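Residue numbers (this note's numbering), protein chains in the order written: chain A, 10 to 348; chain B, 10 to 348.
Reviewing the structure listed below.
Number of protein chains: 2
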Amino acid sequence: MKGLDQNRAEYERLIEVFKAHDIGYFFYNGGGDSADTCHKISQLSESLGFPIQAIHVPKTVDNDLPITDTCPGFGSVAKYIAVSTREASYDVKSMARTSTKVFVIEVMGRHAGWIAAAGGLAADDRNDIPIVILFPEVAFNQERFLAKVREQVEKHEYCTVVVSEGAKGPDGKFLAEQGTRDAFGHAQLGGAAPVVANLVKQALGYKYHWAVADYLQRSARHIAARTDVEQAYAVGKAAVELAVAGATARMVTIVRKADEPYTWETGSAALANVANVEKFMPRDFISADGFGITPACRRYLQPLIQGEDYPPYRAGLPDYVQLQNMPVAKKLARGFDLK
Amino acid sequence: MKGLDQNRAEYERLIEVFKAHDIGYFFYNGGGDSADTCHKISQLSESLGFPIQAIHVPKTVDNDLPITDTCPGFGSVAKYIAVSTREASYDVKSMARTSTKVFVIEVMGRHAGWIAAAGGLAADDRNDIPIVILFPEVAFNQERFLAKVREQVEKHEYCTVVVSEGAKGPDGKFLAEQGTRDAFGHAQLGGAAPVVANLVKQALGYKYHWAVADYLQRSARHIAARTDVEQAYAVGKAAVELAVAGATARMVTIVRKADEPYTWETGSAALANVANVEKFMPRDFISADGFGITPACRRYLQPLIQGEDYPPYRAGLPDYVQLQNMPVAKKLARGFDLK
């Protein structure tokens with residue numbers, strides 16, 4: 010098992026703690042790395058003679074876990090990005106003739122372009138919005154990108170660029186790392202959007218604005234998709250049922266039965282088939298020119314942003330529940346320092 | 010009248026067009042510059058013998074018009090920033106011990122700190138969130154800022170910084186202009202957030218993330234404040250009523266009657282008293298250390314973000330109305346080129 014040797018002491022301590030507190034179930038909520046950890050705990054606990062039922066509960070805005078139709082968290086981020094892209098695009102459109110012509114929004118997704126793809130949903134048959142997407146899966150070609158932006162601006166008077174934080178040049182270097190330095194000459198981390206905006210300005214002379222949604226997108230519970238919220242509850246419930254039925258080393262999955270109306274149910278997969286596999290955007294989800302989404306991608310994404318699920322408000326703001334996070338009393342006498 | 014001489018030909022043409030189409034009312038929706046334009050049109054039209062009833066309808070996210078209690082548009086942006094700041098802060102809090110400790114969000118407001126102040130609403134008696142605000146009205150003091158951030162992180166494990174795009178150093182230079190250059194050495198426009206985040210990283214070593222909300226904040230109709238929407242309709246209605254009653258060169262205002270419960274009515278003010286006056290955050294709205302809002306500021310802001318007013322949705326996205334913007338047939342034979 011890759012990585013286990015480096016962290017063996019930590020895993021062993023964890024199982025020692027489980028044993029001391031008589032914990033037999035381990036539910037781990039997260040993405041690929043957590044799935045991997047969950048898998049290791051299950052295997053190691055068995056080899057140490059205290060087998061723990063380890064169940065992975067999928068949850069990652071990156072939507073890059075294999076087998077499951079989608080990952081809870083993603084649908085709501087997708088909705089946030091689609092809504093924000095539509096709203097900002099209409100803002101730009103209203104002034105494009107005399108002001109900003111190109112708006113660049115940077116979205117999360119270091120390796121996979123699922124969130125960037127959601128920007129494409131802002132346009133549909135009733136909303137003719139010119140959107141150019143830069144996916145991590147497609148090597149950035151400066152010349153073709155600038156030609157595409159110019160073409161859109163000449164046709165629509167404006168253009169919105171959705172750039173993934175993971176967009177890379179042909180040399181494999183992140184766009185976000187190409188360029189900006191602070192006054193002291195330190196390379197500035199983050200910021201594919203300003204790099205792309207500056208490029209447009211230098212080459213085409215268009216006035217621009219840019220936004221970096223960063224954590225705003227993944228914490229935006231106020232605009233969560235109801236489908237996503239339902240799936241989040243369902244995978245939690247299914248995880249407990251799996252454990253009660255005696256399963257271990259499995260991940261709960263969402264199984265799509267039909268696109269429209271969207272029907273789904275929960276299922277499960279062996280963690281051995283999940284760990285260390287990243288699900289990228291398939292080529293047939295990306296348009297031939299590399300800058301947009303295909304109808305197949307739209308059929309996949311559309312149900313995931315469906316429905317609203319507003320939180321309760323108090324004094325004009327969402328009234329979020331806060332966990333108390335009260336630790337139980339320590340049972341092991343010996344301490345343990347994390348490296 | 011300042012500026013009128015440079016644009017006299019344009020103003021004269023405008024009034025010529027009004028005359029040709031027998032237009033007697035002019036309603037102008039906007040901020041300080043529009044108020045000024047509206048005022049000039051009223052005065053010039055009179056001197057040209059075709060007096061137009063020019064009424065200014067306040068609308069600016071900057072909230073910097075004088076006399077009126079607030080400006081439609083502002084309450085919804087304030088709500089967006091308060092909501093987003095709360096959401097992202099809880100995201101950071103959940104991982105602060107082992108990951109990001111400082112989150113920086115950049116908000117609009119080139120001159121006045123009203124939107125930045127709204128970030129302060131994210132924290133209240135039930136939400137103990139450490140927020141450090143950088144207002145345009147308070148000269149940035151690097152040493153005191155870093156001490157404040159360190160103090161908050163030591164106490165809370167994390168800290169959220171709300172920086173106005175208009176935050177300036179003691180030399181009067183925008184923070185956003187201090188620093189970043191692209192690979193070609195061009196100064197990069199925009200981006201106070203990365204400058205501040207980098208500063209924190211260099212001086213304190215804390216892991217950071219930053220967001221720039223840019224147009225997302227001002228176009229976010231999906232999270233509009235109901236109070237704001239009601240006021241937007243009310244000022245439009247009041248403007249028409251003012252015109253019908255024979256008024257000219259006036260701006261509709263919102264008059265606050267009480268803080269809690271918030272009661273208000275529309276009124277009006279002479280444009281002569283509005284044009285070229287910017288309303289900044291009063292000193293007693295900013296905490297003594299310059300990094301927060303006072304109870305007086307909270308009493309002012311709180312009602313403005315009150316209530317939700319969700320748009321209709323279709324296929325998971327807001328179904329926004331689009332104006333047809335159909336021009337009437339031209340009546341003047343002679344063309345006119347804008348400079």
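Every residue gets a Cβ at the ideal spot worked out from N, C-alpha and C, and that includes glycine.
What you are looking at is a predicted structure, and each value in this text was computed from that prediction instead of being measured.
Residues of the region 86-108 of chain A with a Cβ closer than 8 Å to any Cβ of chain B, in chain order: K88, A91, V92, S93, R95, E96, A97, Y99, D100 and V101. Distance from the CA atom of D293/B to the CA atom of E25/A, rounded to whole angstroms, is 57 Å. Chain A has a Cβ within less than 8 Å of the Cβ of Y224/B.
Only residues of its own chain outside the window of five on either side were considered, and among them V70, D71, N72, F83, V86, A87, I90, V116, M117, G118, S173 and Q226 have a CB closer than 8 Å to the CB of I124/A, listed in chain order. Three or more pairs of CB atoms, one per stretch, sit closer than 8 Å, so the region 250-258 of chain B contacts the region 55-68 of chain B. Under the three-state reduction of DSSP output, E317/B falls in the strand class. The alpha-carbon of E250/B is positioned some 32 Å away from that of R106/A. Beta bridge pairing from DSSP links I295/B with I302/B. Between R153/A and the set G178/A, F345/A and Y167/A, the nearest pair of CA atoms involves G178/A.
Beyond the five residues adjoining it in sequence on each side, A222/A comes within less than 8 Å, by CB distance, of Y89, I90, S93, I114, E115, V116 and M117 in the same chain, given in chain order. Assigned with DSSP and collapsed to three states, N334/B falls in coil, not helix or strand. What I314/B touches in chain A, judged by beta-carbon distance under 9 Å, is A324, G325 and L326, going in chain order.
Identification of residues in the region 16-46 of chain A having a C-beta nearer than 9 Å to some C-beta of chain B yields an empty set. Counting only runs of 4 or more residues that sit fully inside the region 80-120 of chain B, the alpha helix (DSSP H) segments are 83-104, in chain order.
Within 8 Å of the CB of I232/B, the CB atoms of chain A belong to H231 and I232, in sequence order along the chain. Note on geometry: alpha-carbon atoms of L310/A and E269/A lie some 11 Å from one another. In this structure, G301/B sits near G129/B, with a CB-CB distance shorter than 8 Å.
In the displayed model, V283/B falls within coil according to three-state DSSP, outside both helix and strand. Looking at the DSSP output, G39/B shares a beta bridge with P67/B. A distance below 8 Å separates the beta carbons of L280/B and C47/B. Using beta-carbon distances, E287/A does not count as an interface residue toward chain B, since no partner is under 8 Å. Taking a 10 Å sphere around the C-beta of E96/A, we find 16 or more other C-beta atoms and assign the residue as buried.
Residue environment: G214/B is assigned as exposed (fewer than 16 neighbouring CB atoms within 10 Å of its CB, all protein chains considered). For the C-beta of S54/A, not a single chain B residue is nearer than 8 Å; the gap to the nearest is close to 23 Å. Listed in chain order, the beta strand (DSSP E) runs fully inside the region 206-245 of chain A are 217-221, counting runs of at least 3 residues.
If you compare the alpha carbons of E317/A, H30/A and F36/A with that of Y322/B, the shortest gap goes to E317/A. Within its own chain, the residues whose Cβ lies closer than 8 Å to the Cβ of Q240/A, once the five positions on either side in sequence are excluded, are T79, P81, G84, I263 and W273, listed in chain order. Contact with chain B is found for Q311/A, since one of that chain's Cβ atoms lies less than 8 Å from the residue's Cβ. Cβ neighbours of G122/A within its own chain (closer than 6 Å, five residues either side excluded): F144, P145, E146, S173 and M290. Nearest C-alpha to L347/A among A18/A, N285/A and K340/A: A18/A. CA-to-CA, the gap between V283/A and H231/B works out to about 37 Å. By the beta-carbon neighbour count (other beta carbons within 10 angstroms, threshold 16), L313/B is buried. Residues of chain A whose Cβ lies closer than 8 Å to the Cβ of R227/B are, in chain order, D100. When N285/A, R307/A and T236/A are compared, the shortest CA-CA separation from Y319/A is found for T236/A. If only complete runs of 4 or more residues are kept, the region 140-190 of chain A shows the alpha helix (DSSP H) at 151-165, in order along the chain.
Counting only residues of its own chain and dropping the five nearest sequence neighbours on each side, A234/A has a CB closer than 8 Å to the CB of G84, S85, A87, K88, L313, I314, Q315, G316, E317 and D318.
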